[in-house]
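A.B. asks: Residue numbers (the numbering used here): 2 to 304. Heads up, the beta-carbon is just placed ideally off N, CA and C, and yes, glycines get one too. This structure is a prediction, so every number in the text was calculated from the model and none was measured.
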Ligand code: 13P
Ligand code: SF4
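#1: Have a look at residue 209 and residue 184 and give me their C-alpha separation to the nearest angstrom.
#2: Determine, using beta carbons only, whether residue 213 comes closer than 8 Å to chain B.
#3: Give me the DSSP bridge partner(s) of residue 148.
#4: Residues in the same chain with beta-carbon distance under 8 Å from residue 277, minus the five sequence neighbours each way, listed in chain order, please.
#5: With a threshold of 8 Å, are at least 3 pairs of Cβ atoms found where one atom belongs to the segment 56 to 73 and the other to the segment 32 to 47?
#6: Taking C-alpha atoms, which residue in 24, 71 and 255 lies nearest to residue 284?
#7: Does the distance from the C-beta atom of residue 146 to that of residue 94 stay below 8 Å?
#8: Using DSSP bridges, identify the partner residues of residue 26.
#9: In the structure shown, what three-state DSSP assignment does residue 290 receive?
#10: What residue range is occupied by the uninterrupted beta strand (DSSP E) comprising residue 280?
#11: Which value, in whole angstroms, describes the spacing of the CA atoms of residue 177 and residue 150?
#12: Could you tell me whether any non-hydrogen atom of the ligand SF4 is closer than 7 Å to the CB of residue 89?
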């Protein structure tokens, strides 16, 4: 991270003046990461949103992340600078289809990945992120669990918890779905000493090649703690910027084709305009906020 440019300095001034905390996901472009108060994965950002002392949260990430911040802190104003920055996977499950699936499996509890709409969360029992999905499912008394919408995350959780029956949903993240065994093997051939770290949204054949499966924040922790000096990063390439800043002296090999176009929609100019206008703001129906609170709080209570 270098010195702030004039736009970045103006953003920091406005955030201070207007009592705004800026949260940015690990996949945001470097110049946006540089002006954030907190950078993190979905779980870290959800927790920080609940603890923020500022009255306004400006969320640099995709739609569901900003919605979760609003559901957890309804008294705060939550600004999402580019409303079109939406996670396509979050829209791969709709309430009607989920309710039909629930009727077919009446004993199963419903775990909604945070990468879902607020409406879906309101129809679930508990939420999870990639960081805590295994712990969340393990914490449930029910043996049968419906996981929506990511089929790959569901399959990974199933592989870790053989005593559970995880009912999968056919959603996926196009960025992680497109990471292939061939790509990872080609990187390993180029960097034979590197450890492979992959996200649980990857397919099982890719996961099987990994030395570690982790959320984006878990990847950072692993890189800090590991004795290895070189890593192949099986997730969206934006994380590499944070890794290089926060884990100096180690080398991170990105997969250059792993780019989430929605995460990249937020530019510095959008953040500046959002602070000047104090919008666009996230609005959620009070009934949806109420319906989201329990599944999100149950997730945050899982240790
Ligand atoms: P993390 O919670 O691991 O950062 O993942 C969020 C996400 O959108 C992955 O694609
Ligand atoms: Fe959604 Fe995948 Fe982008 Fe994450 S990387 S926001 S899961 S499309």
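C.D. replies: Reading it off the structure:
#1: 14 Å
#2: Looking for chain B here will not work: only one protein chain is present.
#3: 112
#4: 15
#5: yes
#6: 71
#7: no
#8: DSSP, once it has assigned bridges, lists 41 as partnering residue 26.
#9: helix
#10: Taken as a continuous stretch (DSSP letters only), residue 280 belongs to no beta strand (DSSP E), as it is neither H nor E.
#11: 14 Å
#12: yes
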